[in-house]
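Chains A, B and C, in that order, are what the protein sequence lines are.
Each step along the first sequence adds one to the number in my numbering, with nothing skipped, and position 240 is 240.
Each step along the second sequence adds one to the number in my numbering, with nothing skipped, and position 103 is 103.
Each step along the third sequence adds one to the number in my numbering, with nothing skipped, and position 259 is 259.
Beta carbons are placed, not taken as given, at the ideal position from N, Cα and C, and that holds for glycine.
Report on one structure; see the data block that follows.
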Amino acid sequence: MQSNPVITLTTDFGLNDPFVGVMKGAILSINPSANVIDLSHGIASHDIREAAFTLGMNYKFFPERTCHVVVVDPGVGSRRRPLLVVTERQYFIGPDNGVFSYIYKLEARTLQVIHITADHYFLKSKSSTFQGRDVFAPVAAWLSGGKNVQNFGEVITDYLSIDLQIPALGKGAIKGEIIHVDKFGNATTNISQTEIDALISQNPGAPLRVLLAGKEVPMKMYYGEALDKELHSVINSSEYVEFFVNRGSAAQLFNITIGNTVEIQNTP
Amino acid sequence: MQSNPVITLTTDFGLNDPFVGVMKGAILSINPSANVIDLSHGIASHDIREAAFTLGMNYKFFPERTCHVVVVDPGVGSRRRPLLVVTERQYFIGPDNGVFSYIYKLEARTLQVIHITADHYFLKSKSSTFQGRDVFAPVAAWLSGGKNVQNFGEVITDYLSIDLQIPALGKGAIKGEIIHVDKFGNATTNISQTEIDALISQNPGAPLRVLLAGKEVPMKMYYGEALDKELHSVINSSEYVEFFVNRGSAAQLFNITIGNTVEIQNTP
Amino acid sequence: MQSNPVITLTTDFGLNDPFVGVMKGAILSINPSANVIDLSHGIASHDIREAAFTLGMNYKFFPERTCHVVVVDPGVGSRRRPLLVVTERQYFIGPDNGVFSYIYKLEARTLQVIHITADHYFLKSKSSTFQGRDVFAPVAAWLSGGKNVQNFGEVITDYLSIDLQIPALGKGAIKGEIIHVDKFGNATTNISQTEIDALISQNPGAPLRVLLAGKEVPMKMYYGEALDKELHSVINSSEYVEFFVNRGSAAQLFNITIGNTVEIQNTP
Chain A
1 MQSNPVITLT TDFGLNDPFV GVMKGAILSI NPSANVIDLS HGIASHDIRE AAFTLGMNYK
61 FFPERTCHVV VVDPGVGSRR RPLLVVTERQ YFIGPDNGVF SYIYKLEART LQVIHITADH
121 YFLKSKSSTF QGRDVFAPVA AWLSGGKNVQ NFGEVITDYL SIDLQIPALG KGAIKGEIIH
181 VDKFGNATTN ISQTEIDALI SQNPGAPLRV LLAGKEVPMK MYYGEALDKE LHSVINSSEY
241 VEFFVNRGSA AQLFNITIGN TVEIQNTP
Chain B
1 MQSNPVITLT TDFGLNDPFV GVMKGAILSI NPSANVIDLS HGIASHDIRE AAFTLGMNYK
61 FFPERTCHVV VVDPGVGSRR RPLLVVTERQ YFIGPDNGVF SYIYKLEART LQVIHITADH
121 YFLKSKSSTF QGRDVFAPVA AWLSGGKNVQ NFGEVITDYL SIDLQIPALG KGAIKGEIIH
181 VDKFGNATTN ISQTEIDALI SQNPGAPLRV LLAGKEVPMK MYYGEALDKE LHSVINSSEY
241 VEFFVNRGSA AQLFNITIGN TVEIQNTP
Chain C
1 MQSNPVITLT TDFGLNDPFV GVMKGAILSI NPSANVIDLS HGIASHDIRE AAFTLGMNYK
61 FFPERTCHVV VVDPGVGSRR RPLLVVTERQ YFIGPDNGVF SYIYKLEART LQVIHITADH
121 YFLKSKSSTF QGRDVFAPVA AWLSGGKNVQ NFGEVITDYL SIDLQIPALG KGAIKGEIIH
181 VDKFGNATTN ISQTEIDALI SQNPGAPLRV LLAGKEVPMK MYYGEALDKE LHSVINSSEY
241 VEFFVNRGSA AQLFNITIGN TVEIQNTP
C-alpha cells in the first residue's frame, strides 16, 4: 500500500456543477489517503476522441501506480462495460467506449483489460445515471487502497477501440489534420514526431515543408523565436506538429479549426 | 485528531479570481494536513438557494468528520452571524443566511447550531469584505485540527432557514418545478423519490405520468435507454426527477428553464 | 523535510486544457508528498502585470516554506532565464519577466534571486514550449522535497522588474486607476491603505473623498452596509480601495473598466 496514491480524473463534467467534487467525496470516503488530481474536466460533452487524446498525451507524466479515471460516457447506465486497464506502470478506469484507445496502442506490450463486475465495490445506493460517482470513483479508491486487480473482474480481449486517425505516410509526404485548439489558440495536428522521423528517413537531408490548407508555414524551435502576429509551426510539448502565433491566437487570426488539412512534405 | 481531515469548499467565487486559492492558503497555514476539496465554485452569485441545494444533494457522499465550508454570502461583513453546524457525522461552517437549510431538515435529529464568536480563531488581519478567508477558512482549519466544537461559541436555535420549495402532494398528483439546469442541459425538478413514493401509495399500481408544462414526458431508467433527440425523464443520481435528452441538451432543445412547472400524476 | 509541503500554481492556462493537471503529475512524480494548490489559472493570456498583482496580494496567506510557481510566460523557450526567488518565509519559481515584481519590492530585505541553471533537475524529455511542466514544476518538486536552494544555480542581481504603477502622492491628493475587475464586478484600484495613510498624515482630521472619473463615491466599511444598486467604495480584503455595488456588479452597472482614473482627496 502506498502512502499518497494518485488518482486522476478526466471528464466532460466542466467545473460549474458539483459532479467532480462529489466524485472526490466518494473516493475519500473509501481511501482517505488518496491524492485526487484533476487532469481535465474541459472535454467537450460526450467527446470520446478528445478524452482519449487528452489521456494519451499526458498519462506518462504521472507517477508509477497512478490510477487514471475517465468519465466521458454517453452511454452511462446502458450495457457498455466498466473497465479496469492494467499496464506496466499505471491503472486506468472508465467505460468500454474507446476512451483508452491510445493506452491500448502505446501500452500493448503489457496490457491487461478487466471487465469490472465486482459490484460489492460500488456505492450501495448506486444510481443508473452517475457511474462516475457510484462505480468508477469507488473502484479507483479500493484499487489505490491496495485491493488486487484480480478482485475486480475477469480479463477480456474484445474491448472497444476508436480510430485514432494516425495520418498515413505517403511517398515524400504525410497528410494529417487539425485535431485540437487550446486556450491560447494554438492548433495541434495529428502528426507526431514519429511520423516525421519516418518521412525524413525517405529522403534524409531534404528540406521539410509544413503546409496548412495548401500554404507553407515556417517551422520554429519555440514560440519566442517567431515574430508576433505571424503564423508558424513547431513540434509541441506532446511531440505533435502545432500551429501558433507568438503572443496571439493562431486559431483566431488565421481562422484555423478542427478538421483543417495539414501536409508535411519532404522532397529533394 | 485525523490524519487527512477533509474540508470542502462551496462558493459563488468562480475560478477566475484567486479567492478560492487564498482560502486554501489560510486553511493550510493553520492545519497543514487538511485535504481541501472543491465541491463547487459555480454557484450563481449570491444564490443562497442554489448553494443550499448543492450542499444538500452531496454532503452525504463525503467521509465522516468532513467539514463543509459554504461561502455564498451577500451580507458579508454585516451583523449576520457566522455558524458552525454540528451533525452526527459531519460539520458545516458558513453564514447564517439559510445556506444550511437542507442540513437543518435532513439532520434535525442530532443537529446542533453554534454561533461562532471565538474571534481569536479568526485571521488577525481580519478584513470586513472577505470572511471566507478570514473567518470561515480558519475556523474550519482549527476544527479539522482537533479543536472541540464547544470552543467556537454558544448553541443557538434562532438560525435562519429558507423555504426549500418542497412540492405539495395533492390528490393523485404532485406539482413541482425546474430548479436547476446542469452543464449537459439536464433539467432537475424539486420532486424527489420521497414525494413520488408518497404519491404512489395513494393509488398503488396506477400508472405514473410525468408532465412538463402540461405535456407528458416518458420516463426511463437511464440516459442510454432513450432515443437521441427525444425528451425523457429519469430519477437522477440525487433521487430527483430530471428531464434529459440522450447525447443532447434537454434545456436547449426543449427550451426548459428554471421555474417551469412540472406535474406528476398517478390516477387509476 | 516537511511532511506536506505546499506548492501553489498561478498560470494563464485556464482550466479547459490538461496543462495544469499534467504539471501536477510532473510534481508528484518527483515529490509524492507535495500538496499542490491552485492559486489562479484565470490570469489573462500573457498578462505579466495581472500575475504579479495576483501573487503579490495573496502569497502572505500561505504557510511558511510554500513554493509559489508562476507560469505566465510569453517568451517561453527563448533566452529569458528561469528563476528561483528565496525570501525569509517562502520560495517563488518562474520566468525572469517581472512576474515577481511585488515580491522584489515587499521582500527586499531578505531577497535572494537565483538563476536556475541546474538542468539535471528538469524533465529529461524537456520540450521548448512547455517549461511549466518541464522546468518549473520539477524544480518546485525537488525544492519542496528538501533540495537546498544553492543546488539550483547562482545568485543574480540583474533580474527584471515591471513598473508596479504605484500611484504618486501629490499635495492633498492621490491619483490612481482601476487595475482589476473581479467575478462579482468589484473594481479594484492601485491605491492601497499605505498611500491613504500617507495622504491622511498631510492633513490629519480632514475629510477623505474618493472620486471615480471625477465623481465622488461614498466610502463604506463593508459591502452589506451599502444600499443595493448604488456605487460605493471600500478598503478591500487586500487593503486596496475598491468600488462595489451591494448584491450587484459595479463594473456593469456603472461601466467601470481597467484604466479608469481614480482620485482620493484629503483637503481641509
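#1: State yes or no: is the C-beta of Val155/A within less than 9 Å of the C-beta of Gln112/A?
#2: To the nearest angstrom, how far is the alpha carbon of Ile93/B from that of Glu64/B?
#3: Ignore the nearest five residues each way along the sequence and tell me which others in Gly224/C's own chain have a CB closer than 8 Å to its CB.
#4: Name the one or two DSSP bridge partners that Ile174/A has.
#5: Expressed to the nearest angstrom, what Euclidean distance is found between the alpha-carbon atoms of Leu106/B and Arg79/A?
#6: Looking at chain A, which residues of the segment 12-29 of chain C have a Cβ within less than 9 Å of any of its Cβ atoms?
#7: On the CB-based measure, 16 or more other CB atoms within 10 Å of its CB, does Asn31/A come out buried or exposed?
#8: In terms of residue numbering, what span does the beta strand (DSSP E) encompassing Gly94/A cover?
#9: Under three-state DSSP, which class holds Pro82/B?
#10: List the residues that DSSP assigns as beta-bridge partners of Ser192/A.
#11: Do Leu55/C and Tyr102/C count as a contact pair if the criterion is CB distance below 9 Å?
#12: Compute the distance between the beta-carbons of Leu211/B and Gln265/B, then report whether it is under 9 Å.
#13: Could you check the C-alpha separation between Met221/A and Leu208/A for me, to the nearest Å?
#14: Which residue or residues does DSSP assign as beta-bridge partners of Ser40/C?
#15: Report yes or no: do three or more beta-carbon pairs, one from the segment 127-144 of chain B and one from the segment 224-242 of chain C, lie closer than 8 Å?
#16: Using only CA atoms, which one of Pro167/B, Phe184/B, Gly172/B lies nearest to Thr261/B?
#17: Using a Cβ cut-off of 9 Å, which residues of the segment 150-172 of chain A contact any Cβ in chain C, in chain order?
#18: How many angstroms separate the CA atom of Lys171/B from the CA atom of Ala198/B?
#19: His41/A: buried (16+ other C-beta within 10 angstroms of its C-beta) or exposed?
#20: For Asn58/B, which three-state DSSP category applies?
#21: On the CB-based measure, 16 or more other CB atoms within 10 Å of its CB, does Thr10/A come out buried or exposed?
#22: Which residues, in order along the segment 59-84 of chain B, keep a beta-carbon less than 7 Å from a beta-carbon of chain A?
#23: Please name the residue, chosen from Pro268/A, Gly146/A, Met57/A, Asn35/A, that lies closest to Asn203/A on a Cα-to-Cα basis.
#24: Going by the DSSP bridge assignment, what does Val69/C pair with across the sheet?
#25: Report yes or no: is there a C-beta of chain C within less than 9 Å of the C-beta of Ser40/B?
#26: In angstroms with no decimal places, state the Cα-to-Cα distance between Pro218/A and Ser161/A.
#27: Once the 5 residues before and after Glu177/A are set aside, which same chain residues still bring their CB inside 7 Å of it?
#28: Name the residue from Ala108/C, Ile27/C, Asn186/C whose alpha carbon lies nearest to the alpha carbon of Leu143/C.
#29: Output, in chain order, the set of chain C residues within a Cβ distance shorter than 8 Å of Arg133/B.
#30: Name the chain A residues that come within less than 7 Å of Arg49/B, Cβ to Cβ?
#31: Less than 9 Å between the beta carbons of Val6/B and Ile48/B, yes or no?
#32: Report buried or exposed for Glu50/C, applying the criterion of at least 16 other Cβ atoms within 10 angstroms of its Cβ.
#33: For Ser192/C, count neighbouring Cβ atoms within 10 angstroms of its own Cβ and tell me buried if that reaches 16, exposed if not.
#34: Using DSSP bridges, identify the partner residues of Gly153/C.
#35: Measure from the C-beta of Phe136/C to each C-beta in chain B and report whether the shortest distance is under 9 Å.
#36: Would the beta-carbon of Ile116/B fall within 9 Å of that of Leu169/B?
According to the structure shown:
#1: The residue given as residue 155/A occupies position 155 in the first sequence. The residue given as residue 112/A occupies position 112 in the first sequence. Contact flag set, yes.
#2: In the second sequence, the residue the question calls residue 93/B occupies position 93. In the second sequence, the residue the question calls residue 64/B occupies position 64. Roughly 15 Å separates the two Cα atoms.
#3: Position 224 of the third sequence, counting from 1, holds the residue named residue 224/C. Cβ neighbours of Gly224/C beyond the five flanking positions: Asn246.
#4: The residue given as residue 174/A occupies position 174 in the first sequence. Paired residue(s): Leu169/A, Ile264/A.
#5: Taking the second sequence and counting its residues from 1, one reaches residue 106/B at position 106. Taking the first sequence and counting its residues from 1, one reaches residue 79/A at position 79. If you take the alpha carbons of Leu106/B and Arg79/A, they lie about 34 Å apart.
#6: Asp12, Phe13, Gly14, Leu15, Asn16, Asp17, Pro18, Phe19, Val20, Gly21, Val22, Met23, Lys24, Gly25, Ala26, Leu28, Ser29
#7: Locating residue 31/A in the first sequence gives position 31, where the first residue counts as 1. Buried, by the Cβ-count rule.
#8: As a working mapping, residue 94/A is identified with position 94 in the first sequence. Looking at the DSSP string, the run of the beta strand (DSSP E) that includes Gly94/A is 91-95.
#9: Taking the second sequence and counting its residues from 1, the one referred to as residue 82/B is at position 82. Note: Pro82/B maps to strand in three-state DSSP.
#10: To locate residue 192/A, count along the first sequence from 1; it is residue 192. Tyr240/A, per the DSSP bridge assignment.
#11: Taking the first residue of the third sequence as 1, we reach residue 102/C at position 102. Taking the first residue of the third sequence as 1, we reach residue 55/C at position 55. Contact: yes.
#12: Taking the second sequence and counting its residues from 1, the one referred to as residue 211/B is at position 211. Taking the second sequence and counting its residues from 1, the one referred to as residue 265/B is at position 265. Yes, the Cβ-Cβ distance between Leu211/B and Gln265/B is below 9 Å.
#13: Counted from its first residue, the first sequence places residue 221/A at position 221. Counted from its first residue, the first sequence places residue 208/A at position 208. For Met221/A and Leu208/A, the distance between alpha carbons rounds to 14 Å.
#14: Reading the third sequence from its first residue, position 40 is the one you call residue 40/C. Its beta-bridge partners are Thr10/C.
#15: Under the three-pair Cβ rule at 8 Å, the segment 127-144 of chain B counts as touching the segment 224-242 of chain C.
#16: Stepping through the second sequence from its first residue, residue 261/B is reached at position 261. It is Pro167/B whose Cα lies nearest to the Cα of Thr261/B.
#17: none
#18: The residue given as residue 171/B occupies position 171 in the second sequence. The residue given as residue 198/B occupies position 198 in the second sequence. Looking at the two C-alpha atoms, the distance is approximately 11 Å.
#19: As a first step, residue 41/A must be located in the first sequence, where it is residue number 41. The residue in question, His41/A, is buried, as its Cβ has 16 or more Cβ neighbours within 10 Å.
#20: Along the second sequence, one-based indexing puts residue 58/B at 58. In the structure shown, Asn58/B falls within a helical segment according to DSSP collapsed to helix, strand and coil.
#21: Start at 1 with the first residue of the first sequence, and residue 10/A comes out as number 10. Buried.
#22: Phe61, Phe62, Pro63
#23: Your numbering for residue 203/A matches position 203 in the first sequence. Cα-wise, what sits closest to Asn203/A is Pro268/A.
#24: What you label residue 69/C is simply residue 69 of the third sequence in a count that begins at 1. DSSP lists Leu9/C, Ile93/C as partners of Val69/C.
#25: Taking the second sequence and counting its residues from 1, the one referred to as residue 40/B is at position 40. It does not: the Cβ of Ser40/B has no partner Cβ on chain C nearer than 9 Å.
#26: Looking up residue 218/A in the first sequence gives position 218. Looking up residue 161/A in the first sequence gives position 161. The alpha-carbon atoms of Pro218/A and Ser161/A are separated by roughly 35 Å.
#27: Here residue 177/A corresponds to residue number 177 of the first sequence, with the count starting at 1. So the qualifying residues of the chain are Thr189, Asn190, Gly259, Asn260, Thr261, Val262.
#28: Along the third sequence, one-based indexing puts residue 143/C at 143. Measuring from the Cα of Leu143/C, the nearest candidate turns out to be Ile27/C.
#29: For the purposes of this step, residue 133/B is taken as the residue at position 133 of the second sequence. Within chain C, the residues whose beta carbon sits less than 8 Å from that of Arg133/B are Phe61, Ser237, listed in sequence order.
#30: By 1-based counting over the second sequence, the position of residue 49/B is 49. Simply none; closest approach about 15 Å.
#31: For the purposes of this step, residue 6/B is taken as the residue at position 6 of the second sequence. For the purposes of this step, residue 48/B is taken as the residue at position 48 of the second sequence. For Val6/B and Ile48/B, no; Cβs fall outside 9 Å.
#32: For the purposes of this step, residue 50/C is identified with residue 50 of the third sequence, where counting begins at 1. By the neighbour-count rule (16 or more Cβ atoms within 10 Å), Glu50/C is buried.
#33: Here residue 192/C refers to the residue found at position 192 of the third sequence. By the neighbour-count rule (16 or more Cβ atoms within 10 Å), Ser192/C is buried.
#34: Along the third sequence, read from residue 1 onward, the residue named residue 153/C stands at position 153. The partner list for Gly153/C (beta bridge, DSSP) reads Ile116/C.
#35: Position 136 of the third sequence, counted from the start, is the residue given in the question as residue 136/C. Not closer than 9 Å to any Cβ of chain B, the Cβ of Phe136/C fails to qualify, so no.
#36: In the second sequence, residue 116/B corresponds to position 116, counting from 1. In the second sequence, residue 169/B corresponds to position 169, counting from 1. No, these two residues do not count as a Cβ contact at 9 Å.
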